[in-house]
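Novice: Listed in order, the protein sequences are those of chains A and B.
Under my numbering, read the first sequence as residues 81 to 337, first letter to last.
Under my numbering, read the second sequence as residues 2 to 369, first letter to last.
The structure that follows is given in the form of structure tokens.
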Amino acid sequence: MFSARHLRVDLGRRAILAGIDFDAEAGALTAIVGPNGSGKTTLLRALSGELAAEGEIRLNGRDMGALKPWQLAERRAVLPQATVLGFPFTVREVVGLGAGRRSADPMLAERALERVDLAHFGGRFYQELSGGEQQRVQLARVLCQVWSPAIDGEPCWLLLDEPVSSLDIRHQLLVMEIARAFARAGGGVIAILHDLNLAALFADRIVLMGRGRIVAAGPPGEVLEDEALSAVFGCVLRVGVPPAGVPFVLPHATQLQ
Amino acid sequence: MVTGWPTSEALPLAGDGSRPLEGDRSGRARFALAALVVLLVVVAGLSLATGAADASLGRVLASLSGSATDPLLLRDRTIILEIRLPRLLLGALVGAGLATSGAILQGLFRNPLADPGLVGVSSGAGLAAVLVIVLGGTSLAPLLAVAGIYALPIAAFAGGLASTFLLYAIATRRGQTAIATMLLAGIALGALAGALTGLLVYRATDAQLRDLTFWSLGSLAGADWTKVATAGPIIVTALLAMPFVSRGLNALTLGEAAAYHLGVPVERLKTAAIFLVAAATGAGVAVSGGIGFVGIVVPHVLRLAVGPDHRFLLPGSALLGASFLIAADAVSRSVAAPAEVPIGIVTAMVGGPFFLWLLLRRRDALGG
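Here it is in structure tokens:
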């Protein structure tokens, strides 16, 4: 269980987040959706412990403020939107950074790369890869950090900030499958997504944010509905439901307000 | 595509462990470290054997076991044990300290252009050292009374520490270091320290003036066992502390946030790195003045050879830095023999063009 109560983050005099009560269950994929500037990334940064926030955050029931950086690192890994390297590391070395002390197992990085469809990329230089490939290398690094979805029955967490933003459709599906498999195996996944349809397809729970607040939270079928989406995103959106029962949002019927 | 979550047991082993994995440069790095040890031994031996006087290293080594009475042998022994050996050790210590400082500073700023000399850390340390030399007899006399021969390195350490902190505060905002700001701030800090040093020169006596000239150029000419004893413990301590920051500096390559996510206590790491740089650079400057470019040339050459992993880069820099400065010292002693060129001139002759080449290569990335 990853939860936050009365979360508030101010930047200067502006409140970026206010009155946030957030819950994510282990074993489920929780998607955070919302327009640009609604506070999604700030919420994720607060949950990761990187950003000081007012309020209370609990990771698996423990107060996060009391955990040391390395204790946090054993329980949760964070995938940033994009990562620029200061020095020319090879792909394998970057992934190895995630393994940390477990780098004694030389095959871990190899397996992680295979999993994100980058087998045989180990010898390439990170800086020479495309944006989408770099994003998958970082995912492999993150997977190395929390390779097991649960340790001693306690879940581990993946916090993913727009994990599919620069990927082609095949790899969007691959990465979402990885996230779902991690959750099915007992881990917890919290992912910021811009694609409402991917959120509808893969998320067990959707948290809809607008202007630094949580507007709605629940299963995709409940959260993805015309009125709330249109209000939050500021354009008329129509949600359709195909026979399978998974809602979809087509931009074809959209008009800007 | 993905079905279920693989446990480590279920995964096939793709390699047999004997063949190096693609992109894994640790084997090559270990080999390079061994080669660098050999290089250092060879360079040190050559340096001991050469010099203005034709002292014979072989005869001296042979005489070490017994007692010598031959006056020629005694002279050779004095030259090698009292002049060349401390100078060799001092060069090795200073070179190792400066090169490692450069590597750590570059890791901290996540930029290969950072160098203790270029960004004003050395000038800060030099200014503090000059303060001690000039005011040591008057205003700072109590400090000298307490610290003795360590007053100079301690002052240089404090000066280096102050300028490193100042530089970091100026050039870094929210974990992002602006490279242009860093280089320009370094120039400004260096100029300010230079101006203050210049002011102090007017208050110096003739004897102090000779000491001061030595600072401005950077030289190992004044090497003796006392200097080895002052700088040695500080630099060796800093070198021994390196393994504690190498993993953290590796993680920092990904950015401060990502390093924190990986479990690195980022603030503590940065403070430790700054202290190490100030200690190693400060002690070096205290005994040999501002020798430039060692900290930029050595780590860069090593990164090309073994990659940027700090677990190998830092010890490699220490070894290669020591060899580099010993060799530069040999050149400085022989190029205009019997006169001696300050070693700072030799390292600048190598480092200046090297730095320009580095800038040209990175011009696109720097947006120039």
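Just so you know, even glycine gets a beta-carbon here, dropped at the ideal spot from N, CA and C.
Any idea what DSSP makes of A/Phe-169, helix, strand or coil?
Specialist: Taking the first sequence and counting its residues from 1, one reaches residue 169 of chain A at position 89. Looking at A/Phe-169 - three-state DSSP - the assignment turns out to be coil, as it is neither helix nor strand.
Novice: Are the C-beta of A/Phe-167 and some C-beta of chain B separated by less than 8 Å?
Specialist: As a first step, residue 167 of chain A must be located in the first sequence, where it is residue number 87. Output row for A/Phe-167: interface = yes.
Novice: Measuring straight from C-alpha to C-alpha, what distance separates A/Leu-254 and A/Leu-198?
Specialist: Taking the first sequence and counting its residues from 1, one reaches residue 254 of chain A at position 174. Taking the first sequence and counting its residues from 1, one reaches residue 198 of chain A at position 118. Taking the straight line joining both Cα atoms gives about 12 Å.
Novice: Return no unless some Cβ of chain B is closer than 8 Å to the Cβ of A/Trp-150.
Specialist: Taking the first residue of the first sequence as position 1, residue 150 of chain A is located at position 70. Taking Cβ atoms only, chain B reaches closer than 8 Å to A/Trp-150, which makes this a yes.
Novice: For A/Leu-309 versus A/Ile-286, is the C-beta spacing smaller than 8 Å?
Specialist: Counting from one through the first sequence, the residue named residue 309 of chain A turns up at place 229. Counting from one through the first sequence, the residue named residue 286 of chain A turns up at place 206. Taking 8 Å as the Cβ cut-off, A/Leu-309 and A/Ile-286 do not qualify as a contacting pair.
Novice: Does the stretch 309 to 329 of chain A come into contact with the stretch 152 to 167 of chain A, if we say contact requires no fewer than three beta-carbon pairs (one atom in each stretch) closer than 8 Å?
Specialist: The answer is no - the stretch 152 to 167 of chain A does not touch the stretch 309 to 329 of chain A, with fewer than three Cβ pairs under 8 Å.
Novice: Output the distance between the C-alpha atoms of A/Ala-157 and B/Val-351, rounded to the nearest integer angstrom.
Specialist: Stepping through the first sequence from its first residue, residue 157 of chain A is reached at position 77. Stepping through the second sequence from its first residue, residue 351 of chain B is reached at position 350. About 44 Å.
Novice: Name, going along the chain, the residues of the stretch 247 to 264 of chain B whose beta-carbon falls closer than 7 Å to a beta-carbon of chain A.
Specialist: Asn-251, Ala-252, Thr-254, Leu-255, Gly-256, Ala-258, Ala-259, Tyr-261, His-262, Leu-263, Gly-264
Novice: If contact means a Cβ-Cβ distance below 8 Å, which residues of the stretch 287 to 308 of chain B contact chain A?
Specialist: Arg-304, Gly-308
Novice: Are A/Arg-377 and A/Gly-92 touching if we call contact CB-CB under 8 Å?
Specialist: Any answer about residue 377 of chain A is impossible in this case: the structure gives chain A only from 81 up to 337.
Novice: Ends of the alpha helix (DSSP H) at A/Arg-195?
Specialist: Counting from one through the first sequence, the residue named residue 195 of chain A turns up at place 115. First-last of the alpha helix (DSSP H) with A/Arg-195: 187 to 195.
Novice: What residues in its chain sit with their C-beta under 7 Å from that of A/Asn-140, if we drop five residues either side in the sequence?
Specialist: Taking the first sequence and counting its residues from 1, the one referred to as residue 140 of chain A is at position 60. Result list for A/Asn-140: Met-81, Arg-155, Glu-234, Pro-235, in chain order.
Novice: Would you mind listing the beta strand (DSSP E) stretches within the stretch 282 to 313 of chain A that are 3+ residues and don't spill past its ends, in chain order?
Specialist: 285 to 290, 293 to 298
Novice: How many angstroms separate the CA atom of B/Tyr-203 from the CA atom of B/Leu-321?
Specialist: On the second sequence, residue 203 of chain B is found 202 positions in, with the first residue counted as 1. On the second sequence, residue 321 of chain B is found 320 positions in, with the first residue counted as 1. Cα to Cα, B/Tyr-203 sits roughly 39 Å from B/Leu-321.
Novice: Return no unless some Cβ of chain E is closer than 8 Å to the Cβ of A/Phe-82.
Specialist: Of the protein chains in the structure, A and B, none is chain E.
Novice: In the DSSP output, which residue or residues are listed as bridge partners for A/Leu-159?
Specialist: Translated into the one-based positions of the first sequence, residue 159 of chain A becomes position 79. Note: A/Leu-159 sits in a beta bridge opposite A/Leu-240.
Novice: Against chain A, does B/Glu-23 count as a neighbour if the rule is that its beta carbon must be under 8 Å from one of theirs?
Specialist: Residue mapping note: residue 23 of chain B aligns to position 22 of the second sequence, counting from 1. It does: the Cβ of B/Glu-23 has a partner Cβ on chain A nearer than 8 Å.
Novice: Is the beta carbon of A/Leu-209 sitting closer than 8 Å to the one on A/Pro-243?
Specialist: Position 129 of the first sequence, counted from the first residue, corresponds to residue 209 of chain A. Position 163 of the first sequence, counted from the first residue, corresponds to residue 243 of chain A. No, they are not a contact pair.
Novice: Give a yes or no on whether the minimum CB-CB distance between B/Trp-6 and chain A is below 8 Å.
Specialist: Within the second sequence, numbered from 1, the residue matching residue 6 of chain B stands at position 5. So yes, B/Trp-6 belongs to the interface.
Novice: Mind checking whether the beta-carbon of B/Ala-97 lies closer than 7 Å to any heavy atom of the ligand NAP?
Specialist: What this structure holds is no ligand at all, so the ligand NAP is not there to describe.
Novice: Could you compute how far the alpha carbon of B/Asp-212 sits from the alpha carbon of B/Arg-334?
Specialist: For the purposes of this step, residue 212 of chain B is taken as the residue at position 211 of the second sequence. For the purposes of this step, residue 334 of chain B is taken as the residue at position 333 of the second sequence. If you take the alpha carbons of B/Asp-212 and B/Arg-334, they lie about 19 Å apart.
Novice: So, with DSSP's three-state summary, where would you put B/Glu-341?
Specialist: On the second sequence, position 340 is the one that residue 341 of chain B refers to. Looking at B/Glu-341 - three-state DSSP - the assignment turns out to be coil, as it is neither helix nor strand.
Novice: Run through DSSP, which three-state label would A/Asp-90 get?
Specialist: The residue given as residue 90 of chain A occupies position 10 in the first sequence. In this structure, A/Asp-90 counts as strand in the three-state DSSP scheme.
Novice: Taking just the CA atoms, how far does B/Phe-166 sit from B/Ile-275?
Specialist: Against the second sequence, residue 275 of chain B aligns to sequence position 274. Against the second sequence, residue 166 of chain B aligns to sequence position 165. Each residue's alpha carbon lies about 7 Å from the other.
Novice: Anything in chain A within Cβ reach of B/Asp-310, meaning under 8 Å, just list it in chain order.
Specialist: Position 309 of the second sequence, counted from the start, is the residue given in the question as residue 310 of chain B. Correct list: Phe-169, Glu-173.
Novice: Under the three-state reduction of DSSP, which class applies to B/Asp-330: helix, strand or coil?
Specialist: For the purposes of this step, residue 330 of chain B is identified with residue 329 of the second sequence, where counting begins at 1. Helix at B/Asp-330.
Novice: Suppose the cutoff is 7 Å on Cβ atoms and the five residues either side in sequence are ignored; what does the same chain contact list for B/Ala-179 look like?
Specialist: To locate residue 179 of chain B, count along the second sequence from 1; it is residue 178. Result list for B/Ala-179: Ala-172, in chain order.
Novice: Name the two residues that bound the continuous alpha helix (DSSP H) containing B/Ile-80.
Specialist: Within the second sequence, the letter at position 79 stands for residue 80 of chain B. First-last for B/Ile-80: undefined, no H or E at that position.
Novice: Drop a sphere of 10 angstroms on the beta-carbon of B/Ala-281, count the other beta-carbons inside from all chains shown, and report buried for 16 or more, exposed for fewer.
Specialist: By one-based count along the second sequence, residue 281 of chain B stands at place 280. Per the 10 Å Cβ criterion, buried.
Novice: Please confirm whether B/Val-295 and B/Ala-100 have their CB atoms less than 8 Å apart.
Specialist: Translated into positions along the second sequence, residue 295 of chain B becomes position 294. Translated into positions along the second sequence, residue 100 of chain B becomes position 99. Their beta carbons are under 8 Å apart, which means B/Val-295 touches B/Ala-100 by this criterion.
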